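So the structure is just underneath, and the comments pick up after that.
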Amino acid sequence: MTIDNETLFYLQVVYISASVFVIFVLYLALASQRSKSIKLLQEKNRSLTEQLHAVKRLSPDVQAENMSKMFTTLIRDIERLNQDRDKNKDLIEEKVNKLHALREESAQLRNQMELARESLDDIVCPYCGAPMSTQVFYTESGHAGSVELEPEGDYVSYECGLVMNIKDGREMEPCGAFLTVDENT
Ligand SMILES: [Zn+2]
Numbered sequence: 299m300t301i302d303n304e305t306l307f308y309l310q311v312v313y314i315s316a317s318v319f320v321i322f323v324l325y326l327a328l329a330s331q332r333s334k335s336i337k338l339l340q341e342k343n344r345s346l347t348e349q350l351h352a353v354k355r356l357s358p359d360v361q362a363e364n365m366s367k368m369f370t371t372l373i374r375d376i377e378r379l380n381q382d383r384d385k386n387k388d389l390i391e392e393k394v395n396k397l398h399a400l401r402e403e404s405a406q407l408r409n410q411m412e413l414a415r416e417s418l419d420d421i422v423c424p425y426c427g428a429p430m431s432t433q434v435f436y437t438e439s440g441h442a443g444s445v446e447l448e449p450e451g452d453y454v455s456y457e458c459g460l461v462m463n464i465k466d467g468r469e470m471e472p473c474g475a476f477l478t479v480d481e482n483t
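Numbers 299 to 483, taken from the working numbering, label the letters of the sequence shown in order.
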């Protein structure tokens, strides 16, 4: 054991804390999106709900807080054991193995966070992040803004103005967030 390991452990604690913060923010955003679009997101909402449940099951905030405490405890134990390294060799190895297991858990948390992020990507404008406003299943020709929609298309619109064909991703109306107004024409 060297001082480098100690530094690594502290970095891991910091990493876990940061991960918890990010997943918490994502979680709030998902919950907010979910309440806005709940009637419109029948298919997507089902998978989103499943993923939210998965996040809840893992209780990432609680889990990572516990992991953070365990890291701290293990670090202290190893520091203490290091004072008589030869005598405590086996114990130190055991503690280090526990730290490795904790690192595995932190990787799982990170995967969960990625899943949450992907879900969020599906229900916001890919350009500006505006929330989805409506999802419409046309059985006859209709209009979205100035665009005539094709019959039996499935379209989704976002609050920024983007209207997209769900099936092929064609954009019927552009994202309005980056439109420049030219008053001279
Ligand atoms: Zn947009």
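All C-beta atoms, glycine included, are put in the ideal place defined by N, C-alpha and C.
None of these values were measured; they are calculated from a predicted model.
Asked	Found
Cβ-Cβ separation, A428 to A399 (assumed contact under 8 Å), whole Å	42 Å between Cβ atoms; not a contact.
Cβ-based neighbour list, C486, same chain, cut-off 6 Å, excluding 5 preceding and 5 following	Residue 486 is absent from the structure shown; the chain starts at 299 and stops at 483.
Identity of the residue in L324, D302, F369, S330 nearest V267 by Cα	Limits of the chain in this structure are 299 at one end and 483 at the other, which puts residue 267 out of reach.
M365 - partner residues in DSSP beta bridges	Bridge partners of M365: none, in fact.
Cα-Cα separation, L397 to K367	12 Å
Per-residue DSSP class, three states only, for E457	coil
Alpha-carbon spacing of L401 relative to E469, whole angstroms	Per the sequence presented here, residue 401 reads as Arg, with Leu not at that position. Distance between the alpha carbons of R401 and E469: 43 Å.
Check: L460 C-beta below 7 Å from any heavy atom of ligand 1	yes
7 Å CB neighbourhood of I464 in its chain, flanking five on each side removed	D452, Y453, V454
In DSSP terms, what N463 is bridged to	Y453
Status (buried if at least 16 other CB within 10 Å, exposed otherwise) for K393	buried
Distance cut-off 7 Å: Y425 Cβ against heavy atoms of ligand 1	yes
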